[in-house]
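Visitor:
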Amino acid sequence: MESQRLLSSKGTVQTPDESFEEDWAEESTGSSYYSDSDSTIPDWEPYIDDSSGELLYIDCHPFVTHNKDHIKLDSKSEPFSKTQLRKSTRGKFLRLIRRKESSRRSKKALRPTEEGSEINTQKVKFQDFQEGEQKIVTLEIDSENRYNLSSDKSLAESLLGLIVSTLSDGNRVMIAGFSYDSKAKHERNIKIGDWLKSINNMDVNVQNLDDILQKFINHSEVLLTLQRVAATEVTKDPPINELSVESDFVRELLNTNEDDENLSEKLCSHPLGVIFLDTDKCNEANEDILYFYPKPLKKNILSICRGVFITLNHLLQDLTDTKPRTSSILHKGRLAHIVYTQFEKHLLLYMLPDDLASIKEIVLMNRELINFLEFLYGDLERCFTKNCNFKRLDWLFFRYFARIVNGNKWATTKQFLERIGNPERIFDRTDSFFEELMPVVPTLSLHDDALMQIDDALAELEASDYREWNEDPLDCQRLFTILGSALFHSGYLLASHMIHEDLVEVYNFCKQQGLVHLSRTEPVKSLVMWREVFPRSCRRNCGNDSLNAPDGSRYLLVVGSGKDFLATIMEAGGCTEPPEENMGPDAFYVEEAQATLAHVQELGLSVVAQRCLLANGGYEVAAPTPSPNKRKNDFIGALNFSKPTSPMVLRDSPGSTKKNEVTSILKRRNVEQHLSQEEAYDLYSEESGSQAYSETSDDSGSRRTRQKYDSNDEESDLDEFGGSSQISGSSFDVSEVRQALLSDLGEYTPAQITTGPHNVLYHFVHLDLTEGVLIGPVECSTLSQTYDVILNNFKKCCQNIHGIFQNTLRFKNMSAQEIAKSLMNKSLIAIKEYGTLFECPFLDEKDKKGRVSYWVVGRLFYMPHPKEVYVCYQDSVPQNVVELAFKISLYNKV
Amino acid sequence: MSAYIMGVTSNGGIPVFSRKKGNCDNLSFSTLGSLNGVHMFGKPSNIELLDTVSDDHAVAWKEFCESLVIIGVASGCSVDVLNRLLQLVYDAVVLIVGINEVKTQRNIERLKRELRICFPVIDRLLDSLDCGDSSNKHSSDIVGYAETVLCPENHLIQIVLDSFTECVDSMFSCILVNGKIAVATENWWSLHIHEIRLLLLLAVTENKDISKDIPVFLPYKSPTVAFRFVACSLISDVQVCCLCGSTPALVNIEQAAAQCFKNSTDILKSASQCVPRNFPNTMVVDSGILGLLLVNIKRKKYMMSKNPQQNSGRKMSSSSHRLDILRTFFYQAIMNTLIPNSKTWQENNVSEDLKTDKLALDESTEGMESYWCSEYHKCHGIKVCDNILCVLYSSATPTYAMRLISKQTLNLLISDKQVCW
């Protein structure tokens, strides 16, 4: 059996003495899991890499392509597969350990309704279904909607909460989705794509479905017979409905070891690549090349002309006492830039063509890449000298460059081949990037209550206080200390308990691994990622020798569900059990993290975050409009600017209606990606109604009994504290908290930051490089062409401004001696604000001619620590950037 | 600060000339060889090295006509400016020896000898690098632009110049006041700006007070056929320059100049009083203004003033740094954003269809204004039609007021017809 095999492979975890297994299992926290050979294995268990202990497991919502509505519905409807999550835990914990789960987690396990559902749950997976698996499900008829038969809902939808369509033969009824308030959705045996065979043993087809349903309109329950349809049959007719378990993107994410020489060779035709050189070794037999990509060597531009860069690296240090940073070359008429990074005797060269990234972007991308590799491997020498890494690195770099060739958008191999096969498209000028490449984490600022709830949940996870789980004192050591955790929604940080520098690296890791993209585009059912990492805070402490004999190892655990993911850095060693080689994830900790995430979602925080996203991160952004007075070339016209030019004519002029206007623009932007606010709200309030109340009563009951058991006063104090922090007072009430959080709608009316009667703000970026925090309106693809032009130019301009500010920061950090020696341009040493006024034609409406003029202004603050604010606003009322920056900070709560 | 510029033949790697600026050692032969070597190395594999940037230094390579590689090393300035300079240096070489000599390189030793004439010009060109070093005497040099002076007498001088032009049978002539163009004929402005710039430098370097007659090739207009560039001193600091063919002789030109200008010496004298303010005393600007830079982006001419206040004569010594700030502001914030089609450093580097790098502006987006606020001062640049005015303000000037003052000042400067802007 799978678990048996694992058991032997995990021999080090397992106590050698099998006879003590029971006792041992009781004492041990995490490892006990492995002794339980016939309990359910977590879904991700088989995906662990045997040699490295790494894991990336993604369980997607199956979706029906070519049927967009249903994708949306399906992927959004399940907040978290709680039942599935808990099932495995329950099995083993209840049987083996006399343990109680912590207060907020226990309720799910103790839910009586679920006990029932669990009995008849077969483990059905899309991967392994065969034709003809038949299930009988009892479904309650929705009594409220029974007579509320509106014309836009089918009978099946209003009665059963099921959206039906036909199978490929056009006659059989297929489950195509669930309505929002459907109870059927929670029925695990009804899956999208199932064939609805009969209702109360009466065979149904498309023609008679409504007639049959009419007969049961007064029944309280019906018996549905469903049959799983073989995948082949479903996909036989793709235009109607194609069932996919995972998208191409996810498939490639999971695929870690594929490398095709052809793909690599295709990249060789472009001036891009990376090479890691040992500068001490001479060039003979290419021994100096420790690693290079793309392959093969003879076509790799960097390896061909590495001599140039090695010499330059040397020469410039002799000549000018400074190390070279970048070089530009022309390769077959294409401009490309090379970035140098020196690590003692090693030299890393990184090259990209200019049409894909400007020189400033390339420098930032190089830094990002190095941080990513250091986070994964500790240092670059280790990364590029271990032979076993090469295949993985090849694949990593292939996907990295494929993404860049695709304009820094994630691309599947197929998309990449299309792009690279089309030489015209490759020369397209791609978008500019600025904040995307900065070492910062985009942050959503939720309101205080929501933040407190998240902090509370994360703190409990981090505390790892499991005493209450076992009545007997635990005298074994823990496996891991949790160093920090951070919660993300759609790739935006909600709350972090990590050291800033680690947080930035974790985010960068998630970005480079595609997890951020995944959580933005495809909400997943479940995601588990585990691997050893080297966070900066720990890298800094250990010298070179401790890398060989590490004092401890750190692991990154990312669990995700829906659009949320929770990243946790754990440490083995130090005060916990010493780490083993290639340690795999421990089921217990994974479940703890998943439970924390589930708890946060249950509190409705992902809805709160979603709503915040819809409100553009809480900041109001205007739509570009042409300035009413045409640009005049005479002086009188030009001098008129001091008069308040009638400010942006949004389609309605009065101030009161303006706000509505803006929200509607925002909605329009988001309509394709997100549920509208109302939908999201409805969805969750429904759930709170159906489940939470029953849970709650159960929970508080069990909690009280447990408190009686507890003789430890200190702990009950803590519990009291936890309870009192909730809105409901002494008893912990999830639904009330959720209600309170969700009803707090007032917080998300977007704030107007610019002065003047109308909002003239187009975009802003608040960069805090010390804390690694990025605040800004939510990035969304707009329908406005003008806005895209403005935004693109804004980012370009920000790169320049940021470059100028670097001089100021550098000068501030110089000692008096250095200043005397320095060759810096003295005119650049104290610039703190830089603004430029641009004009571009209004492109959105053909009939409306005119030009949009807007400012791009950057401001540097260096007290208490350096921060940069970049704003883009329409030219009307003069704005004070300091004031804008103040307001941005004021509305931001992080 | 330090800057080196050197020319090496493409084929043999033989150094043709080497100039430096600042208190630095001469480059050793091996260093020069290495610098040339790295550029040569990539050629067989279709790779051309363009530039390399370190913290404070920029190195740029540029190959011209597949025969001459010019390498520049400079501290403090941007690689963009350095690249523009390399083009000018090459043009200076062509100006003296002609393009055929550069291409064929029949006699390297003779080429080296001939190039000595343009060394002062190249040295002056190096002054236009913005190293942020106040020791620079020529902080008002801007790469790729020609400096002018707005004398109130310009409209009178123009008339005399036109008659002189007829006398010497030349279409290209101009009057220089302290090495800056006061007035010039329309045809003079039709020359490429690099040609204008180099001819000006040729006129003012070495001895200003004697007449010069130098054969020159115009790098853009006539790179193979030489003209004669004649510069005669009228009074001290004022010169008249013209381009002409084999006739008339220098003596005749000097006579014509003496005849034409003998009645206008007073005008010329009062015109030369305009320096160093460089614009009429009658124009009063806001008291917060510390320096001015007026640029015409069509003709690529500019006027720069570090003493816009009438009573600021005694602060002369400290005000040289102001020009540095203005120039750096122009290079960094104006040249690539407010001036259309001046794309970026690649202008002369890359084949036509790939003219710009990614940071260059889109065609559709046009910069109109730009400003810097620093701890000690503020800079503001504004564009109206073809004119850009960059103003250096004291830090006390409110940011929002800069727009208004700049616009008024620009209006004041260019609306006066007498200065012939």
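Residue numbers (the numbering used here), protein chains in the order written: chain A, 1 to 894; chain B, 1001 to 1421. Backbone N, C-alpha and C define an ideal beta-carbon position, used for all residues, glycine too. As the structure is a computational prediction, the values presented were derived from the model and not from experiment.
1. What does Lys-332 of chain A reach in chain B if we use C-beta pairs closer than 9 Å?
2. If we define contact as Cβ-Cβ less than 9 Å, is Thr-322 of chain A a contact residue for chain B?
3. Once you ignore the five residues that flank Ser-902 of chain A on each side, which residues in its own chain have a CB closer than 8 Å to its CB?
4. Only counting the same chain, and skipping five residues up and downstream in sequence, which positions put a Cβ closer than 6 Å to that of Asn-1348 of chain B?
5. Thinking Val-1038 of chain B and Val-516 of chain A are a contact (beta carbons under 8 Å), I'd like their distance in whole angstroms, please.
6. Along the chain, where does the beta strand (DSSP E) containing Val-222 of chain A start, and where does it finish?
7. Nearest to Asp-1324 of chain B by CA position, among B:Ser-1034, B:Val-1121, B:Asp-1130, is which residue?
8. What's the gap between the Cα of Leu-767 of chain A and the Cα of Val-440 of chain A?
9. Taking just the CA atoms, how far does Gln-594 of chain A sit from Ala-411 of chain A?
10. When you compare each of A:Ser-526, A:Val-528, A:Ala-457, A:Leu-527 to Asn-495 of chain A by their alpha carbons, which one comes out closest?
11. Please state whether DSSP places Cys-305 of chain A in a helix, a strand or coil.
12. Is the CB-CB distance between Arg-531 of chain A and Asp-502 of chain A below 9 Å?
13. Would you say Glu-1347 of chain B lies against chain A (beta-carbon separation less than 9 Å)?
14. Which residues, taken in chain order from the stretch 1021-1048 of chain B, show a beta carbon closer than 9 Å to some beta carbon of chain A?
15. Roughly how many angstroms separate the alpha carbons of Ile-175 of chain A and Leu-226 of chain A, rounded to a whole number?
16. Suppose the cutoff is 6 Å on Cβ atoms and the five residues either side in sequence are ignored; what does the same chain contact list for Cys-840 of chain A look like?
17. Within the continuous beta strand (DSSP E) that includes Cys-1024 of chain B, where are the two ends?
18. Along chain A, in chain order, which residues have C-beta atoms closer than 7 Å to that of Tyr-1393 of chain B?
19. What do you get for Gly-177 of chain A, buried or exposed, if any count of 16 or more other CB atoms within 10 angstroms of its CB means buried?
20. So, does the stretch 347-355 of chain A touch the stretch 266-285 of chain A, judging by three or more C-beta pairs under 8 Å?
21. Taking contact to mean 3 or more Cβ pairs, one atom from each stretch, closer than 8 Å, check whether the stretch 1060-1079 of chain B and the stretch 1170-1190 of chain B are in contact.
22. Per the contact definition of three or more C-beta pairs closer than 8 Å, is the stretch 1207-1214 of chain B in contact with the stretch 1146-1165 of chain B?
23. Report yes or no: do three or more beta-carbon pairs, one from the stretch 852-872 of chain A and one from the stretch 754-771 of chain A, lie closer than 8 Å?
24. Nearest-angstrom Cα distance between Lys-135 of chain A and Trp-44 of chain A?
25. Just the chain A side, please: which residues come within less than 8 Å of Ser-1054 of chain B by C-beta, in chain order?
26. Let me check one thing: in DSSP terms, what residues is Glu-868 of chain A bridge-paired to?
27. Using a 10 Å radius around the Cβ and a threshold of 16 neighbouring Cβ atoms, would you call Gly-1042 of chain B buried or exposed?
28. Determine the chain A residues that contact Glu-1424 of chain B at a beta-carbon separation under 8 Å, and present them in chain order.
29. By alpha-carbon positions, which one of B:Gly-1013, B:Gly-1381, B:Ser-1320, B:Val-1284 ends up nearest to Asp-1141 of chain B?
30. What residues in the stretch 823-835 of chain A bring their beta carbon closer than 9 Å to a beta carbon of chain B?
31. Can you check whether the C-beta of Leu-1050 of chain B is within less than 9 Å of a C-beta belonging to chain A?
32. Within its chain, find whatever has a CB closer than 6 Å to the CB of Gly-858 of chain A; leave out the 5 residues flanking it on each side and keep chain order.
33. For Thr-1399 of chain B, name the three-state secondary structure that DSSP assigns.
34. If we call anything under 9 Å between Cβ atoms a contact, is Thr-836 of chain A one with Glu-1369 of chain B?
35. Should the stretch 1108-1115 of chain B be called in touch with the stretch 1239-1251 of chain B, which here means at least 3 C-beta pairs below 8 Å?
36. Report yes or no: is there a C-beta of chain A within less than 9 Å of the C-beta of Ile-1339 of chain B?
Guide: Working from what's here:
1. Asn-1046, Ile-1047
2. yes
3. Outside the displayed span of chain A (1 to 894) sits residue 902 of chain A, for which this structure offers no information.
4. Bear in mind that the predicted position of Asn-1348 of chain B carries a pLDDT of just 43, short of 50, making it too unreliable to give a figure here.
5. Actually they do not touch by this definition, with Cβ atoms about 40 Å apart.
6. 221-227
7. B:Asp-1130
8. 7 Å
9. 29 Å
10. Correcting the residue identity first, residue 495 of chain A is Ala in this sequence and not Asn. It is A:Ala-457.
11. coil
12. no
13. With a pLDDT of only 43 at Glu-1347 of chain B, under the threshold of 50, the placement of this residue in the model should not be trusted; the figure read from the coordinates follows. No, because no Cβ of chain A sits closer than 9 Å to the Cβ of Glu-1347 of chain B.
14. Leu-1027, Thr-1031, Ser-1034, Leu-1035, Gly-1037, Val-1038, His-1039, Phe-1041, Gly-1042, Ser-1045, Asn-1046, Ile-1047, Glu-1048
15. 9 Å
16. Val-789, Val-852
17. Note, Cys-1024 of chain B: premise wrong, no beta strand (DSSP E); not H, not E.
18. Going along chain A, no residue has its Cβ under 7 Å from Tyr-1393 of chain B, so there is no contact; the nearest lies around 13 Å.
19. buried
20. yes
21. no
22. no
23. yes
24. 26 Å
25. Leu-316, Thr-320, Thr-322, Lys-323, Pro-324, Arg-325
26. A:Leu-767, A:Leu-860
27. buried
28. No statement about residue 1424 of chain B is possible, as the shown extent of chain B runs from 1001 to 1421 and does not include it.
29. B:Ser-1320
30. Leu-823, Met-824, Asn-825, Lys-826, Ser-827, Leu-828, Ile-829, Ala-830, Ile-831, Lys-832, Glu-833, Tyr-834, Gly-835
31. yes
32. Ile-801, Tyr-834, Tyr-870
33. helix
34. yes
35. no
36. no
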